[in-house]
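Chains A and B, in that order, give the protein sequences.
Numbered by my numbering, the letters in the first sequence go through residues 22 to 278 in order.
Numbered by my numbering, the letters in the second sequence go through residues 22 to 273 in order.
Single-structure report; data block below.
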Amino acid sequence: MISLWRMLNSTVGKKYLMALSGAGLFLFASGHMIGNLQLFLGPEALNRYAHFLQSLGEILWVIRLGLLGLIVLHIGSALMLTLENKAARPADYSHGKPPFAASLASRTMLGGGVLVALFVVYHLLHYTVCLKAVNFTGIDFAHLTDPETGHHDVYAMVLYGFSVWYVSLFYIVSVGFLCLHLSHGASAMFQSLGLRSHAWWPVISKGAMIWSVILFLGYSVVPGSVLLGYGRSYLENLEKIQSAASTPAEVTSKEAH
Amino acid sequence: MKVKLKVWRQKDTRSAGEFRLYETPDLNVNMSFLEMLDVVNEQLTLKGEEPIAFDHDCREGICGTCSLVINGKPHGPHRGVATCQTYMRSFQDGDIIIVEPWRARPFPVVKDLVVTRQALDKIMQAGGYISVRTGAAPDANSIPISKENADLAMDAAACIGCGACVAACKNASAMLFTAAKVSQLGLLPQGQPERYRRVKRMVEAMDEAGFGACTVTGSCEAVCPKNISLDFIARLNRDYLVASLKGGAKHG
Numbered sequence: 022m023i024s025l026w027r028m029l030n031s032t033v034g035k036k037y038l039m040a041l042s043g044a045g046l047f048l049f050a051s052g053h054m055i056g057n058l059q060l061f062l063g064p065e066a067l068n069r070y071a072h073f074l075q076s077l078g079e080i081l082w083v084i085r086l087g088l089l090g091l092i093v094l095h096i097g098s099a100l101m102l103t104l105e106n107k108a109a110r111p112a113d114y115s116h117g118k119p120p121f122a123a124s125l126a127s128r129t130m131l132g133g134g135v136l137v138a139l140f141v142v143y144h145l146l147h148y149t150v151c152l153k154a155v156n157f158t159g160i161d162f163a164h165l166t167d168p169e170t171g172h173h174d175v176y177a178m179v180l181y182g183f184s185v186w187y188v189s190l191f192y193i194v195s196v197g198f199l200c201l202h203l204s205h206g207a208s209a210m211f212q213s214l215g216l217r218s219h220a221w222w223p224v225i226s227k228g229a230m231i232w233s234v235i236l237f238l239g240y241s242v243v244p245g246s247v248l249l250g251y252g253r254s255y256l257e258n259l260e261k262i263q264s265a266a267s268t269p270a271e272v273t274s275k276e277a278h
Numbered sequence: 022m023k024v025k026l027k028v029w030r031q032k033d034t035r036s037a038g039e040f041r042l043y044e045t046p047d048l049n050v051n052m053s054f055l056e057m058l059d060v061v062n063e064q065l066t067l068k069g070e071e072p073i074a075f076d077h078d079c080r081e082g083i084c085g086t087c088s089l090v091i092n093g094k095p096h097g098p099h100r101g102v103a104t105c106q107t108y109m110r111s112f113q114d115g116d117i118i119i120v121e122p123w124r125a126r127p128f129p130v131v132k133d134l135v136v137t138r139q140a141l142d143k144i145m146q147a148g149g150y151i152s153v154r155t156g157a158a159p160d161a162n163s164i165p166i167s168k169e170n171a172d173l174a175m176d177a178a179a180c181i182g183c184g185a186c187v188a189a190c191k192n193a194s195a196m197l198f199t200a201a202k203v204s205q206l207g208l209l210p211q212g213q214p215e216r217y218r219r220v221k222r223m224v225e226a227m228d229e230a231g232f233g234a235c236t237v238t239g240s241c242e243a244v245c246p247k248n249i250s251l252d253f254i255a256r257l258n259r260d261y262l263v264a265s266l267k268g269g270a271k272h273g
């Protein structure tokens, strides 16, 4: 135990924590992207998937707390390492150039990571907590229900959410930062854990960059295609049904919209 | 050719330093960077000024004594070359060249461009050796070593301990140095008995000296005058993980 504690207190040990928590979050980011793409399979598929996740109950909370734990571990070790790293160079160089041969991604892991963390907070408020004030549509996302099944209409929520152009733009820029972060992090974690050889390094480092580009495209195609008009007929149809029912609450929400 | 030098001048460790601008006399383009500094110093001495202090010894790229961050890159513009083998023909006539010492908390400035690199010695003292009985030299090839490992150990052993890796790293990390030393011994049969004790102690000494952590930016590898590879850092990380999981007083 003492040995383990000493290990985790060393710079190398903290990098293990960064790498392991980063690996978990990287896998989540990849799975999340694939799940998102079900938007293009239509409302039934996406809403069934969303209902499946929401009906996991306790298991969903285990997953959520697990992810939160990974985030805390990742940010916590990052902050500790950053303090040590800054202390290691009290007087900086005056040449004003970035460190030689260091890629943009590797130099901006902290700043970019902070931006991604802020985005995650917004994203959770936007689509998970469904805080009406942050979606800028005037529609209460929590009360959108699929007229056929009566379940949460996530399909409509996504279409409404991304129909606000600045929200979509913010999402695309943010996943850009996420993917820049991962283009370095996804290969650096193999290096930090020592899980690579000379022969595998080009595969790992190029693979990380390629997968980051795929992640970026997979994530940004959702807000991008909604902005370009994907699913507009579904919303028009939905609004027709609603105006037929015409409850006062929906009228006010449409006026605000 | 003539160049202008913006050089860091600092009286001693405690004094605050500053940049000062010097104009060189007409230079031979085939002078090394250090010879150029010699010429400038000769001029300063004749004028009664304090010459610029800088580290140098063998001037043939094998001792690891010379340093200098030249225009933002340790050891000057070329790859796999130390400052002593950087020549003035690599610069243009009229260039302004910024010359700074290594910057890291574990490398305090002694004077001008000279820093003390004793922190690297501390890391070596913590485990950069093997314990064997001395005596007559053993017979050649009495211990078989695979060609692959012999080559890798030789690559790691090429490290001259100049500290350019620390100087280049945005975190002032000494991982490349430590990794080269750990690997050089850990790859050979003679280094096996102390392999895991060594990596733990050397990492501990590295942290204690106040070096930063590795962010895998690759700056160290790119500026290393001996082209030591990042592969060795992965090897150190792997050995350290095994050492920590083994635990126990025997390896402590």
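C-beta: ideal position from N, C-alpha, C; glycine also.
All of these numbers come straight from a predicted model, not from anything done at the bench.
- Within the segment 113-130 of chain B, I119, E121, R124, A125, R126 place their CB atoms closer than 7 Å to a CB of chain A, listed in sequence order.
- Considered as a whole, the segment 32-78 of chain A harbours no complete run of any beta strand (DSSP E) with no fewer than 3 residues.
- Residue range 216-230 is occupied by the alpha helix (DSSP H) that includes V220 of chain B, with no beta strand (DSSP E) assigned at that position.
- In the DSSP secondary-structure assignment, E39 of chain B is bridged to B:R30.
- In the structure shown, K94 of chain B falls within a strand segment according to DSSP collapsed to helix, strand and coil.
- A buried status is given to C186 of chain B, since no fewer than 16 other beta-carbon atoms sit within 10 Å of its beta-carbon.
- Proximity to R110 of chain B across B:M57, B:D76, B:G182, B:D142 peaks at B:M57, based on C-alpha coordinates.
- For I118 of chain B, the enclosing beta strand (DSSP E) has its first and last residue at 117-121.
- Contact between the segment 229-248 of chain B and the segment 166-182 of chain B is present: three or more C-beta pairs spanning the two stretches fall below 8 Å.
- About 6 Å separates the Cβ atoms of V120 of chain B and L89 of chain B, confirming a contact at the 8 Å cut-off.
- P244 of chain A places its beta carbon 7 Å or farther from that of F162 of chain A.
- Just measuring C-alpha positions, the residue of A:S24, A:F191, A:A220, A:L214 sitting nearest Y240 of chain A is A:F191.
- When secondary structure is reduced to three states using DSSP, E44 of chain B falls in the strand class.
- Exposure of C79 of chain B is indicated by the presence of fewer than 16 other C-beta atoms within 10 angstroms of its C-beta.
- Of all C-beta pairs linking the segment 123-134 of chain A to the segment 194-201 of chain A, three or more are shorter than 8 Å, placing the two stretches in contact.
- As a beta-bridge residue in DSSP terms, Y108 of chain B pairs with B:S53.
- When C-beta distances to chain A are compared with 8 Å, every residue of the segment 44-61 of chain B stays at or above that value.
- Within the segment 41-71 of chain A, no residue has a Cβ lying closer than 8 Å to any Cβ of chain B.
- The alpha-carbon separation between V24 of chain B and P46 of chain B amounts to approximately 8 Å.
- Using a C-beta cut-off of 8 Å, the segment 109-118 of chain A makes contact with the segment 187-206 of chain B, since at least three inter-stretch Cβ pairs fall below that distance.
- With a threshold of 16 other beta carbon atoms within 10 Å, N170 of chain B falls short and is exposed.
- Around the beta carbon of G52 of chain A, a 10 Å sphere encloses fewer than 16 other beta carbons of the protein chains shown; the residue is thus reported as exposed.
- Judged by DSSP secondary structure, V130 of chain B falls within the beta strand (DSSP E) whose first and last residues are 130-132.
- In the three-state DSSP reduction, S115 of chain A falls in the coil class, being neither helix nor strand.
- Its chain contains S208, F211, R217 as the residues whose beta carbon lies nearer than 6 Å to that of I225 of chain A, once the 5 sequence neighbours on both sides are disregarded; these appear in chain order.
- L251 of chain B reaches chain A at Q212, W222, counting residues in chain order whose Cβ is nearer than 8 Å.
- Below 8 Å, enough C-beta pairs join the segment 165-182 of chain A and the segment 59-71 of chain A to call them touching: three or more.
- When secondary structure is reduced to three states using DSSP, V24 of chain B falls in the coil class, being assigned neither helix nor strand.
- Contact annotation for I254 of chain B against chain A: Q212 [CB-CB distance below 8 Å, chain order].
- For the 7 Å CB-CB criterion, A201 of chain B and F253 of chain B form a contact.
- The beta-carbon of N106 of chain A is placed less than 7 Å from the nearest beta-carbon of chain B.
- For L46 of chain A and G97 of chain A, the gap between their C-alpha atoms comes out near 14 Å.
- Counting only Cβ-Cβ distances below 8 Å, L209 of chain B has no contacts in chain A at all, with the closest Cβ about 18 Å away.
- DSSP places T236 of chain B outside both helix and strand once states are collapsed to three, so it counts as coil.
- Excluding its 5 nearest sequence neighbours in each direction, H205 of chain A has C-beta neighbours in its own chain below 7 Å: S124, A126, S127, M130, listed in chain order.
- Taking a contact to require three or more Cβ pairs closer than 8 Å, the segment 221-238 of chain A and the segment 151-169 of chain A do not qualify as touching.
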